[in-house]
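See structure below.
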C-alpha cells in the first residue's frame, strides 16, 4: 500500500526537517574545514568580495565590543570600590582591636592594683585580728560576710584561727570551716 499524505507516517515532517537541518550543518562545517586559511597571501577577501559584504556588520561589531568593554570597566570600577571599602573596614577593625587591647591592659592593670590594695587591706586586718583577744575577733568575724571571714581566717595563724572559731556559734563555725576546706 503506497503512503499518501493522509496515510503517511506522523513523524515524517519532523524527520524531514531534522534531515535538512543535518545537511545544512554538514555544509557549514565542511565550509569551515575546507576553506583556504586566512593567513596565506591572496586568501583574504578580494576587493570585489569586500564590496559585497554587509556594510553595517563592522560598526555593529565595534558597538558590541565597545558595549562589552564598558561593562567590563564598570565591573572593574565596582570591584575597585569594594576593594577600597574592604581596606578601610580592615583598617577600622584593626584600630578598634588596638583600642580594645589597650583598654583590656588598662582594666587588667586596674584589677591588679585593686587586688594588691585588697591584699594590703586584708594583711592589715589580719594583723589587727591577731592582736585582738579571740573573743572580740570572733564577734567581729561573726558579723562579717562569710567569704571575707574565710579569706581572713586563711591568713591568721592556725592556733589563733582555731581559738577564734572555737568561740563562734557552732553553726557559724561549721559554715566557715567547710568554706576553709574548699
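Numbering (our numbering), first residue to last: 3 to 184.
Glycine included, C-beta positions come from ideal geometry on N, C-alpha and C.
In summary, residue 79 is exposed, with fewer than 16 beta-carbon neighbours lying within 10 Å of its beta-carbon over all protein chains present.
The residue from 168, 71, 149, 173 with its alpha-carbon nearest to that of residue 182 is 149. A direct Cα-Cα distance of roughly 36 Å separates residue 171 from residue 114. Between the alpha carbons of residue 24 and residue 83 lies a distance of about 50 Å. By the neighbour-count criterion, in which a residue is buried when 16 or more other Cβ atoms sit within 10 angstroms of its Cβ, residue 155 is buried. The alpha-carbon separation between residue 19 and residue 28 amounts to approximately 14 Å. When rounded, the separation of the alpha-carbon atoms in residue 74 and residue 104 is 45 Å. The three-state reading of DSSP puts residue 154 in helix, counting H, G and I together. Note that the stretch 94-112 does not touch the stretch 129-139; fewer than 3 beta-carbon pairs, one per stretch, sit closer than 8 Å.
With a threshold of 16 other beta carbon atoms within 10 Å, residue 64 falls short and is exposed.
Secondary structure of residue 61 (DSSP, three-state): helix. Taking a 10 Å sphere around the C-beta of residue 109, we find fewer than 16 other C-beta atoms and assign the residue as exposed.
Between residue 169 and residue 152, the C-beta gap is not smaller than 9 Å, which leaves the two residues out of contact.
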